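Numbering (the working numbering), first residue to last: 1271 to 1636.
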């Protein structure tokens, strides 16, 4: 539900830094390197193979500002068989983005976004791959008003998904209030960027009123529990959002989240919910079943794909997983399920299918 594809080489690096320092000192210099097409191809092959090995059948990706690199990512996803939703990142605010890595101006950001949309449509028609372009303002601080408005219009024109960050941190939340005299949610809503096809990452600072807006717009939240521990300044209130009928799916936020494994993020989501409980939040705790729902049904509903369930008429997105402790543990179905949630790693994921097609196979190696 939330992957920064060009950040894969820095997964696990500099996570002790504040968000703005991490972006300016590490992340932006790395993403700027994707102007090099050979470098992009090398990194994206590694990333998609790793995600498939970890059982991720569908990915919602932030690309970089470079259309050629973003199309390389799309072609690799098509070749390796991963369902992909990919966005050309728009970021043109000179006050919040470095001169070596930003769109030259709003006109360029919008023109290149539209060119990327058309190129993705052409690629999808050519190879019948499950790839979709996504409108992608990086976040409110990185975009000018003109760009935010133009991206909202493009999303409506082409009826496309939208992805961004919303209330990821105290800093981001305060930026919106200082520059617009509005909350982050209100700024995005003002520019028609909160729709039933929008997925906003993190949401650790969302108020009850913000959640009401998400619910009324049918906008989804990408819950990234590992990343939130490092940069979110709080724990996302999953149960509160659920009670307000807000759609929620699970993301890794590579590389703010160091692990490409959704199992690792399921585990963290459960642990983080206990923190809210310990802080006095009522009914904040989530279970292994709740976390699995976020990683499957929740994400599929947010992306409007018939997947995430083994059910007639749904896409055959499947994992064949080995229970490594089957011989020494209880074999009641519920206990097997919980054991798999807490102990599965990529070595235990033997096969992965996307829409019935085998895309990862370790059985042949044994």
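Just so you know, even glycine gets a beta-carbon here, dropped at the ideal spot from N, CA and C. From a predicted model like this one, the values you see are computed outputs, not experimental measurements.
Around the beta carbon of residue 1431, 16 or more other beta carbons lie within 10 angstroms, which makes this residue buried.
With distances taken between CA atoms, residue 1503 lies nearest to 1438 out of 1438, 1573, 1615, 1485.
Remark: C-beta atoms of residue 1563 and residue 1615 do not approach each other more closely than 8 Å. In this structure, DSSP gives residue 1428 a helical state, which the three-state scheme calls helix. Proximity to residue 1359 across 1345, 1484, 1393, 1387 peaks at 1387, based on C-alpha coordinates.
Shown here for residue 1611: same chain residues with a beta carbon closer than 8 Å to its own, the five before and five after excluded, namely 1533, 1536, 1537, 1558, 1561, 1562 in chain order. Nearest neighbour of residue 1481 by Cα position, chosen from 1313, 1354, 1517, 1540, turns out to be 1517. By the neighbour-count criterion, in which 16 or more other beta carbons inside 10 Å mark a residue as buried, residue 1352 falls on the buried side. For residue 1631, the uninterrupted beta strand (DSSP E) segment begins and ends at 1627 to 1631.
With respect to residue 1424, residue 1383 sits close: the two C-beta atoms are nearer than 8 Å. Taking C-alpha positions only, residue 1575 is separated from residue 1626 by approximately 15 Å. CA-to-CA, the gap between residue 1590 and residue 1617 works out to about 11 Å. Under the three-state reduction of DSSP, residue 1434 is assigned to strand. The continuous alpha helix (DSSP H) containing residue 1346 extends over residues 1337 to 1350. For residue 1402, the secondary structure class from DSSP, reduced to helix, strand or coil, is strand.
Under the DSSP definition of a beta bridge, residue 1274 partners with 1332. In this structure, residue 1530 lies away from residue 1291, with their beta-carbon atoms at least 8 Å apart. Taking every protein chain shown into account, the CB of residue 1580 has fewer than 16 other CB atoms within 10 angstroms, so this residue is exposed. Three or more beta-carbon pairs drawn from the stretch 1273 to 1283 and the stretch 1510 to 1527 are found closer than 8 Å, and the two stretches are therefore classed as touching. Between residue 1323 and residue 1406, the alpha-carbon positions lie close to 27 Å from each other. Taking the C-beta atoms as reference points, residue 1339 is found nearer than 8 Å to residue 1307. Taking a C-beta distance under 8 Å as the contact criterion, residue 1285 and residue 1428 do not qualify as a contact pair. Taking every protein chain shown into account, the CB of residue 1545 has fewer than 16 other CB atoms within 10 angstroms, so this residue is exposed. Assignment of residue 1411 by DSSP, reduced to helix, strand and coil, places it in the helix class. In the three-state DSSP reduction, residue 1303 falls in the helix class (H, G or I). In this model, residue 1348 and residue 1418 are separated by some 29 Å (Cα to Cα). Around the CB of residue 1289, 16 or more other CB atoms lie within 10 Å, so the residue is classed as buried.
Counting along the chain, residue 1541 sits inside the alpha helix (DSSP H) bounded by residues 1532 to 1548.
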